[in-house]
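One structure below.
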Amino acid sequence: MNLDYEWFKKKILEYTGINLSYYKEKQMKRRIESLMKKNGFETYTDYYSALTKDQRLFNEFINYLTINVSEFYRNPQQWDILEKEIMPYILKRTRRPKIWSAACSTGEEPYSIVMLLTRFFPLNEIKILATDIDDDALRKAKEGVYLKKSLESLPQEFVRRFFRENGELYYISDEIKRCVEFKHHDLLKDPYPAGMDLIVCRNVLIYFTEEAKDMVYKNFNRSLVMNGILFVGSTEQIIAPQKYGLKPIRTFFYEKVMDI
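In the UniProt record's numbering, the protein residues as written are 1 to 260.
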């Protein structure tokens, strides 16, 4: 089965440009094999053949692969630090911060950033970049329709101000949507945007190999301006951040202190 998986990784790389070797093998194999089983495939060969012919299967594979689990204001205490300490620090240096929500999934994170920024700027002055590898997730993000459960940690003032409720569904306002530019981006192969004051990339790198993490952290350093901030997820504290020209300034927040 392992030789079959090696073949499958090679074919997926050729077909999609996604390099499965950068994902932790045990976790990724388990996820893919559960998908195969669910859809009635016993071999990687048959599954790959079906993926190239059936758009529904392909979309499901990409969506499952990219682990789209998100919510507004995930780990609220960290958003509190972002608002009360990190943003004021950034705004001492620039009144026009460039902000990137990397691996943004279905949009909860970049929209959370925009809502937080309304405490510092009028909406018509806010524009941030949000990217993901999964086009289906980006489509959902642009639609901006969410289940009530995903808003549980969001401050109530934002829920009242920026959402329209319809049963269990919550529709985010167009004025918030206009503040986010969504783009397709693969952290493992595409060029990174430059001149960022804040990069938010949370709960994604835990699925990557050490080699892939090393590459991504180096690219984040190059993407940040000097003294720019990287905000990571609560399971992603960086071991030896100095290797990447970063210095921890709060738990889960790292400042660029050196070009590498």
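No residue lacks a Cβ here, since even glycine has one placed at the ideal position from N, Cα and C.
Check                                                                                                                                                                              : Outcome
Quick check on Thr131: buried or exposed, where buried means 16 or more other Cβ atoms within 10 Å of its Cβ?                                                                      : buried
Hey, which unbroken runs of the alpha helix (DSSP H) at 4 residues or more fall wholly within the segment 154-188?                                                                 : 156-162 and 174-177
Trp79 and Ile199 - do their beta-carbons sit closer together than 8 Å?                                                                                                             : no
Identify every run of the beta strand (DSSP E) within the segment 188-233, keeping only runs that are complete inside it and at least 3 residues long; order them along the chain. : 196-201 and 224-232
Does Val145 come out as helix, strand or coil in the three-state DSSP assignment?                                                                                                  : strand
Can you tell me where the alpha helix (DSSP H) with Lys26 in it begins and where it stops?                                                                                         : Glu25 to Lys38
Leaving out five residues before and five after Ala212 in sequence, what residues of the same chain have Cβ atoms less than 7 Å from its Cβ?                                       : Tyr22 and Leu188
Buried or exposed for Lys53, please, with buried defined as at least 16 other CB atoms from any protein chain shown within 10 angstroms of its CB.                                 : exposed
Just to check my reading of the structure: Leu224 and Met258 have Cβ atoms closer than 8 Å, yes? What is that Cβ distance to the nearest angstrom?                                 : Actually they are not in contact, since the Cβ atoms of Leu224 and Met258 sit about 11 Å apart, beyond 8 Å.
In the DSSP assignment, what are the bridge partners of Ala130?                                                                                                                    : Ser101 and Phe182
Taking His185 as the reference, which of Ser112, Asp135 and Arg160 has the closest Cα?                                                                                             : Asp135
Helix, strand or coil for Ile18? Go by DSSP, reduced to three states.                                                                                                              : coil
Report the three-state DSSP secondary structure of Pro122 (helix, strand or coil).                                                                                                 : coil
In angstroms with no decimal places, state the Cα-to-Cα distance between Phe252 and Asp46.                                                                                         : 42 Å
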